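Step one of this worksheet: look at the structure below.
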Amino acid sequence: MNSETPLHQPAAGPPPRAGEDFTLAITPTSADIDELGHVNNAVWVRWLQDVATAHWNAVAAPEHVAAYIWVVTRHEIDYLGNVGPGETVTARTWIPDAPRGARFDRCVEFTGPDGRVKVRARTTWAIVDRGSGRILRVPKDVAAPFLG
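In this text, residue positions in the sequence shown follow our numbering: the first is 1, and each later residue adds one.
Okay, structure coming up:
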């Protein structure tokens with residue numbers, strides 16, 4: 001890992017149990033910092049995807065990871081504070097409700113080193129069958145590990 005590679009580390013300990021929050025530590029690189037001296041808004045969107053993907057890979061059964069992929073259908077983001085160079089944020093994500101058809105919502109909060117939420121988001125994802133490329137209803141066994 002070089003100095004330009006962002007630090008994305010899952011929280012220490014065993015993988016989360018069904019319905020548990022998933023956390024990931026992220027430290028911005030110099031490329032993530034904009035002319036105002038803090039993490040650019042577009043980077044936060046990339047980090048939303050990074051956190052969702054890490055959660056999926058940590059919790060989903062390997063056969064589900066091989067069979068399905070997720071696509072974003074909506075991001076709703078509140079920018080509440082700034083994060084500067086070298087400041088590690090803790091991303092926390094969870095699935096608040098059971099899927100609706102092919103879609104489910106994911107909540108994400110990024111907390112700064114000062115303990116304050118810097119960005120809060122609710123994103124909507126749809127499941128796609130890798131083989132056919134088609135959106136399908138979320139199978140119950142795929143959703144189960146993410147629900148409490």
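Even glycine gets a Cβ: it sits at the ideal position worked out from N, Cα and C.
Just so you know, these numbers come straight off a predicted model, no measurement behind them.
One or two residues paired with residue i in a DSSP bridge
i: D129; result: Y68
i: F146; result: BP columns for F146 are empty, so no partner.
i: E76; result: R122
i: V117; result: T111
i: R134; result: In the DSSP output, where bridge partners are listed per residue, R134 has none listed.
Residue of the options minimising C-alpha distance to residue i
i: P139; options: N40, A67, G84, S30; result: A67
i: V71; options: A143, A61, R134; result: R134
i: R103; options: P62, H75, D114, P113; result: H75
i: A77; options: R130, A144, N41; result: Note on residue identity: the sequence assigns Ile, not Ala, to residue 77. The shortest Cα separation from I77 among R130, A144, N41 belongs to N41.
i: K118; options: W44, V59, G101, A31; result: W44
i: R149; options: A61, G148, T123; result: The question about residue 149 has no answer here: the residues shown for the chain are numbered 1 through 148.
i: L101; options: D50, L136, D34; result: Sequence inspection shows Gly at residue 101; the Leu mentioned does not correspond to that position. Ranking D50, L136, D34 by Cα distance to G101 puts L136 first.
i: D50; options: R92, I33, A31; result: R92
i: S132; options: T90, L147, T73, I69; result: I69
i: L147; options: T73, A60, A31, T90; result: A60
Residue i: first and last residue of the uninterrupted alpha helix (DSSP H) it sits in
i: A42; result: 41-59
Residue i, enclosing beta strand (DSSP E) - first and last residue
i: D105; result: 103-111
Buried/exposed call for residue i, threshold 16 Cβ in 10 Å
i: T111; result: buried
i: P99; result: buried
i: A52; result: buried
i: P28; result: buried
i: D129; result: exposed
i: D34; result: exposed
i: P145; result: buried
Rounded Cβ spacing between residue i and residue j (contact assumed at less than 8 angstroms)
i: L48; j: A121; result: 6 angstroms
i: H38; j: V83; result: 6 angstroms
i: G81; j: R116; result: 6 angstroms
i: D21; j: W125; result: Actually they are not in contact, since the Cβ atoms of D21 and W125 sit about 17 angstroms apart, beyond 8 angstroms.
i: D105; j: P96; result: 6 angstroms
i: H55; j: V142; result: Rounded, the Cβ-Cβ distance is 13 angstroms, inconsistent with contact.
i: I127; j: T88; result: At roughly 31 angstroms, the Cβ-Cβ gap does not stay under 8 angstroms, so I127 and T88 are not in contact.
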